[in-house]
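Quick note: the sequence shown uses this note's numbering, first residue 71, plus one each step.
Positions of the beta carbon are idealized from the N, C-alpha and C atoms, including for glycine.
Since this is a predicted model, take the numbers as computed values, not measurements.
Reviewing the structure listed below.
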Amino acid sequence: MKEIILVKLGEIVLKGLNRKNFEDTLIRSLKRRLAKIGSFHVRAAQSTIYVEPVYDDADMDEAADCVAHIFGIAAFARACSAEKDLEQIKQAACEYLKETMEDAKTFKVESKRSDKKFPYKSPEISAEVGSCLLEAFPHLTVNVHEPDVVVTVEVRDFGAYIRAGLVRGAGGIPIGTGGKAAVLISGGIDSPVASYMMAKRGLELIAVHFASPPYTSVRAEEKVAELLHRVARYTGRIRMFTVPFTEIQEQIRENCHEEYFTIIMRRFMMQISERIARDNGCQALITGESLGQVASQTIGSIACTDAVCTMPVFRPLIGMDKEEIIEISRKIDTFEVSIQPYEDCCTVFTPKHPRTRPVEATVAEEQQKTDCERLIDEAVQNVKLTVIQ
């Protein structure tokens, strides 16, 4: 008896003539991510992707966990495969579902006969498998309305597959089908969530992080790398570009009015990130801003930062409150890392009374008091690349 994983497609099935491109991208993603675990054969048929281990000793627990974190998958299930013979299907159901059925009180059987050459219709398959399970597990009763376990038998072209329920997948669309973007990543709660949300819409990500030693520590940079490592469970590999930002912040402090410190810092960040993004084939920037959360996230402040960009800037959290953002950060396992007490450069030289309604012309004039072009050029030339797996 062989165990496989059945992957169910969601939004991909609505893609019309482009559907095959989305399916092919998802299959490539599955193959690449599963290759770290073992050898698996991956193929698609009838709106289902089959993930079959090549060897019997494959770690199916780890494979299922991997599949659970891949965008483009609506749901999946571990299942056993059997020959398309009713007696073998019944035997396989009793053996494969033994542990599940022993822990249940009620069940029902649903059958799907995609192979119309199979001599039994779906109701007959359900009745036969249900009778066999009742005989093997006499403590069970049938409940077609609210069963503890729904046993599904699928008779398809390649064989028969028996499973107990579906597990919800990561959803979204496959990484790479939406293009490529650069996310400005800090050590806070918001930017890892923004990364996750835009990756879910098919964006391949690179990350841009700003470090200001000695004002920020090596531990702060390691914290960001750990956050990206957790996001990478969903996205796959992320290339992180760490930008030296100390001189820029010191020049802002020495030459600009204090109330504009944060907004000018943000403008530098956007300009540098856009340069890095273009150099790496990106088409957009991503930030974790939420409207009104802090002084640099008012409409006026956001307008001032966007004024220095020519790329689109995606802000998936813009209408969310902090509790909603925290809920997602807990779901993707970044919250506990985000709240570790290692400050990032956004907390360096924070003004006591930041301007919340800045005028772009005035901000631009203040920024020109620094050696803008040289600072941006040197920052881009001295980035450090770290590959997060």
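### Query
With burial defined as no fewer than 16 other Cβ atoms inside 10 Å of the residue's Cβ, what is the status of LYS293: buried or exposed?
The residue labelled residue 293 in the question sits at position 223 within the sequence shown. Under this definition LYS293 is a buried residue.
### Message
Taking contact to mean 3 or more Cβ pairs, one atom from each stretch, closer than 8 Å, check whether the region 208-224 and the region 245-263 are in contact.
### Response
By the Cβ rule, the region 208-224 does not count as touching the region 245-263, because fewer than three pairs are nearer than 8 Å.
### As assigned by DSSP and simplified to three states, the class of GLY108
In the sequence shown, the residue the question calls residue 108 occupies position 38. Coil.
### Message
Quick check on this structure: which residue in LYS160, ILE318 and SER399 has the alpha carbon closest to the alpha carbon of MET71?
### Response
The residue given as residue 71 occupies position 1 in the sequence shown. Taking only the C-alpha atoms, the option nearest MET71 is LYS160.
### Message
With a threshold of 8 Å, are at least 3 pairs of Cβ atoms found where one atom belongs to the region 204-217 and the other to the region 318-326?
### Response
As far as the Cβ criterion goes, the region 204-217 does not touch the region 318-326, which means the pair count is below three.
### Task
Please determine, among LEU203, THR176 and LYS182, the residue with the shortest C-alpha to C-alpha distance to LEU167.
For this step, residue 167 is matched to residue 97 along the sequence shown. Nearest C-alpha to LEU167: LEU203.
### Task
Identify, in the order they occur along the chain, each residue of the same chain with its Cβ nearer than 6 Å to the Cβ of ALA147, setting aside the five sequence neighbours on each side.
Counting from 1 along the sequence shown, the entry for residue 147 is found at position 77. For ALA147, where only same-chain residues beyond five positions count, the Cβ hits under 6 Å are LEU76, ARG233 and LEU236.
### Message
Using CA atoms only, rank isn't needed, just tell me which of ARG103, LEU104 and GLU81 is closest to GLU93.
### Response
Taking the first residue of the sequence shown as 1, we reach residue 93 at position 23. Nearest Cα to GLU93 within the set ARG103, LEU104 and GLU81: GLU81.
### Task
On a CA-only basis, which of THR357, SER282 and PHE331 is nearest ILE276? Give me that one, please.
Along the sequence shown, read from residue 1 onward, the residue named residue 276 stands at position 206. In this structure, THR357 is the residue among THR357, SER282 and PHE331 with its C-alpha nearest to the C-alpha of ILE276.
### Query
Looking at ILE255 and PHE460, is the spacing between their C-beta atoms short of 9 Å?
Nothing about residue 460 can be reported from this structure: the residues present for the chain run from 71 to 459 only.
### Message
Quick check on the DSSP output: the alpha helix (DSSP H) that includes ARG400 runs from which residue to which?
### Response
By one-based count along the sequence shown, residue 400 stands at place 330. It spans 392-401 - the alpha helix (DSSP H) in which ARG400 sits, taken as one unbroken run.
### Task
May I have the straight-line CA-CA distance separating ALA264 from GLU73, to the nearest angstrom?
Here residue 264 refers to the residue found at position 194 when the sequence shown is read from its first residue. Here residue 73 refers to the residue found at position 3 when the sequence shown is read from its first residue. Each residue's alpha carbon lies about 36 Å from the other.
### Query
Looking at C-beta atoms only, is the number of pairs between the region 365-382 and the region 393-410 that lie closer than 8 Å three or more?
No, because fewer than three Cβ pairs between the region 365-382 and the region 393-410 fall closer than 8 Å, the two stretches do not touch.
### Task
Can you say whether ASP447 is buried or exposed, counting buried as having 16 or more other CB atoms within 10 angstroms of its CB?
Counting from 1 along the sequence shown, the entry for residue 447 is found at position 377. Exposed, by the Cβ-count rule.
### Query
From TYR190 to TYR231, what distance separates their C-alpha atoms?
As a first step, residue 190 must be located in the sequence shown, where it is residue number 120. As a first step, residue 231 must be located in the sequence shown, where it is residue number 161. Going by the C-alpha atoms only, they are around 15 Å apart.
### Query
Between which two residues does the alpha helix (DSSP H) harbouring THR432 extend?
Counting from one through the sequence shown, the residue named residue 432 turns up at place 362. Taken as a continuous stretch (DSSP letters only), the alpha helix (DSSP H) holding THR432 covers 430-437.
### Task
For the alpha helix (DSSP H) holding CYS374, just list the boundary residues, first then last.
One-based indexing of the sequence shown puts residue 374 at position 304. CYS374 -> alpha helix (DSSP H) spans 369-376.
#### Entry: Boundaries of the beta strand (DSSP E) in which GLY200 is found, first to last residue
Mapped onto the sequence shown, residue 200 falls at position 130. For GLY200, there is no enclosing beta strand (DSSP E); the residue is part of the alpha helix (DSSP H) that begins and ends at 192-206.
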